[in-house]
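**Student:** Quick one: this structure, given as structure tokens, is what I'll be asking you about.
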Amino acid sequence: MLDRFRLRLTLGYVGILAVILLLFFFATVVLFRDQTLDRQDAVLVHEAEQIARRRADGVGRDETMDESDAYGYVVLGGDGGEVERDASAASLGLPAVEAAAAAVRRGETVVRTEDGPEGGVRVASVPALRAGGEGEITQVATPLELALEPVSRLALVLVPIGLGALALAAGGGLFLSRRAIRPVQAAFERQRAFVADASHELKTPLALIKVDAEVLLRNPAVPDGGEILRHQVAEIDRMNGLLSDLLLLARLDGGKLAVACEPFDLAPVLVGTVDRFRRRASAAGVELCVRAPASLAARGDAERTCQIVSALLDNALRFTPAGGRVTVTGFRRKGRVEASVTDTGPGVDPRHLPRVFDRFFRAGTERAAGSGAGGGAGLGLAIARDLSRRQAGELTIGSGDGGGTEARLVLPGGD
Ligand SMILES: Nc1ncnc2c1ncn2[C@@H]1O[C@H](COP(=O)(O)OP(=O)(O)O)[C@@H](O)[C@H]1O
Ligand SMILES: [Mg+2]
């Protein structure tokens, strides 16, 4: 699809260039033709005047003009009869009677194009007075084709140059459009993969819900009906969460999510978020503690920051086995404030570190474990990083000192 678009773009571009070149070509040729004819006319008139002057001086015929077919001349007397002509005159259709009559009528030089026996002929008719008061018309002519030869030569040079320019523009256009479209193609690919992943993630719980429903349908009085319904509700919750995440990502991508950038205190946000996870931590047998000063002036969005820390705590608690510890620490550094969430879990495989923020990425066996394992869809960190960046902050994941994972959120300082 993008290739067709590229081709259309290039064709349109080459088409516009072709029209511009054609206009340029015609303007150049027409201007050059006019100029060439003007110059040629001046030569014809000059020749005619020289012949008239020679005759006025009573000098005999100049044989040199007979040598070339390029020019021919004829001198007409006052009665319209031929007084003198050269060898080429006949082949050029001289005398041009009407042109001569026009020159006599106006009493001035007339230059125009006539139909000769072998095609168009440019004829200059110059009236001159001979001694004794008898008027004569000197006509000098040259074939139009010969006169316009420089114009044909110019056209012959311009046509291949124009075609070459068009070919170059087409090649260059294809090359440049390929480069320009590469990021679009990558974004398109990402979007396609995203839709495929999202559909897959939604299909899994839907299939489980359907299986449960079919069991209940076959036997509504099945002994563990309550358990099946609870399972269905859990899957629906999971789908709901996934759809919320997808919606949030769409709004983040579209720049439609309002994220505040105002002063707030990070310390109570950390303490409050940790408190919400206490019950889950103690149920999992994991020690959960928070270390932060009484107040940590930050700049950003308190609610979104709570969302980020929740995603980090959710991961930490999910990956930390019973008997382990999860620690949330808040501190100030170099004018910025930081919150780190460290755990004593297995840590993230260094090979997976560059990809943990990719959408739908889950390392190792979790995807295979499916929804039953209670894991997310691999959107948590992607959303958390987007939210951090929208607050002019940054989120990184690395190895903790004790071998577990350390997630670190940095936000602008509030003072
Ligand atoms: N604290 C952690 N310990 C070990 N692995 C982690 C931790 N946090 C994140 N990960 C890895 O990063 C992946 C992506 O995390 P996340 O985006 O939150 O997705 P999800 O929580 O849905 O699996 C996880 O599947 C896991 O492989
Ligand atoms: Mg997660």
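Going by the working numbering, the sequence shown opens with residue 2, and the numbers climb by one from there. Beta carbons are placed, not taken as given, at the ideal position from N, Cα and C, and that holds for glycine. Remember, it's a predicted structure, so these values are computed and weren't measured experimentally.
Skipping 5 residues on each side, what residues in its chain have a beta carbon closer than 8 Å to that of Gly121?
**Tutor:** Result list for Gly121: Thr114, Glu115, Pro144, Leu145, Glu146, in chain order.
**Student:** Classify Asp350: buried if its beta carbon has 16 or more other beta carbons within 10 angstroms, exposed otherwise.
**Tutor:** By the neighbour-count rule (16 or more Cβ atoms within 10 Å), Asp350 is not buried but exposed.
**Student:** Within the segment 282 to 350, note down every full alpha helix (DSSP H) run reaching 4 residues or more, in order along the chain.
**Tutor:** The qualifying runs are 303 to 320.
**Student:** Taking only heavy atoms of ligand 1 into account, decide whether any of them is closer than 7 Å to the Cβ of Asp344.
**Tutor:** Yes, since a heavy atom of ligand 1 falls inside the 7 Å radius drawn around the Cβ of Asp344.
**Student:** Assign Arg409 to one of three DSSP states: helix, strand, or coil.
**Tutor:** Reduced to three states, the DSSP call for Arg409 is strand.
**Student:** Please return the same chain residues whose Cβ sits closer than 7 Å to the Cβ of Phe358, not counting the five positions on each side in sequence.
**Tutor:** Hits under 7 Å: Leu382, Ala383, Arg386.
**Student:** Would you say the beta carbon of Ala312 is closer than 7 Å to some non-hydrogen atom of ligand 2?
**Tutor:** Within the cutoff, so yes.
**Student:** Might you give, ordered along the chain, the residues of its own chain that have their beta carbon closer than 8 Å to the beta carbon of Ser311, omitting 5 neighbours on each side?
**Tutor:** Only Thr274, Arg277, Phe278 meet the Cβ criterion.
**Student:** Helix, strand or coil for Glu236 per DSSP?
**Tutor:** DSSP places Glu236 in helix when its eight states are reduced to three.
**Student:** What is the DSSP secondary structure of Ser400, counted as helix, strand or coil?
**Tutor:** Strand, per DSSP.
**Student:** Buried or exposed, going by whether 16 or more other CB atoms sit within 10 Å of the CB of Asn220?
**Tutor:** Exposed is the call here.
**Student:** Tell me, which residues are paired with Leu77 by DSSP?
**Tutor:** The partner list for Leu77 (beta bridge, DSSP) reads Glu83, Ile138.
**Student:** Between which two residues does the beta strand (DSSP E) carrying Asp266 extend?
**Tutor:** 263 to 266 is the span of the beta strand (DSSP E), which, as asked, contains Asp266.
**Student:** With Leu249 and Leu258 assumed to form a contact (beta carbons below 8 Å), what rounded beta-carbon distance in angstroms separates them?
**Tutor:** With 8 Å as the limit, Leu249 and Leu258 qualify as a contact, their Cβ atoms being about 7 Å apart.
**Student:** Would you mind giving the Cβ-Cβ distance between Ala125 and Val46, rounded to the nearest angstrom? I have them listed as a contact below 8 Å.
**Tutor:** Contact holds; Cβ gap of about 5 Å.
**Student:** Near Gln308, which residues of its chain fall below 7 Å by C-beta distance, leaving aside the five closest residues on each side in sequence?
**Tutor:** Taken in chain order, the residues that qualify are Leu388.
**Student:** Report the rounded CA-to-CA distance for Gly256 versus Arg390, giving the unit in angstroms.
**Tutor:** Going by the C-alpha atoms only, they are around 12 Å apart.
**Student:** Can you give the Cα-Cα distance for Ala374 and Arg193, rounded to whole angstroms?
**Tutor:** Summary for Ala374: the model assigns pLDDT 47, below 50, so the residue's position carries little reliability, and this model does not support an answer.
**Student:** Would you say the beta carbon of Asp315 comes nearer than 7 Å to a heavy atom of ligand 2?
**Tutor:** For ligand 2, at least one heavy atom lies less than 7 Å from the Cβ of Asp315.
**Student:** Please state whether the Cβ-Cβ distance between Leu412 and Arg319 is less than 8 Å.
**Tutor:** It is not a contact, given that the beta carbons lie outside the stated cut-off.
**Student:** Is Val84 near Glu150, with beta carbons less than 8 Å apart?
**Tutor:** Not in contact: Val84 and Glu150 (Cβ atoms no closer than 8 Å).
**Student:** Starting from the C-beta of Ser92, find all residues in its chain whose C-beta is less than 8 Å away, skip the five residues before and the five after it, and write them out in chain order.
**Tutor:** Once the five neighbours on either side are set aside, the close Cβ partners of Ser92 are Asp70, Gly73, Gly117, Pro118, Glu119.
**Student:** What's the C-alpha gap between Lys204 and Arg231?
**Tutor:** The straight-line gap from Cα to Cα measures roughly 19 Å.
**Student:** Less than 8 Å between the CB atoms is what I'm expecting for Val329 and Val291, so what's the real figure, rounded?
**Tutor:** That pair is a contact at about 5 Å.
**Student:** Tell me whether Gly379 counts as near ligand 1, meaning its Cβ is closer than 7 Å to at least one heavy atom of that ligand.
**Tutor:** Yes, the beta carbon of Gly379 sits closer than 7 Å to at least one heavy atom of ligand 1.
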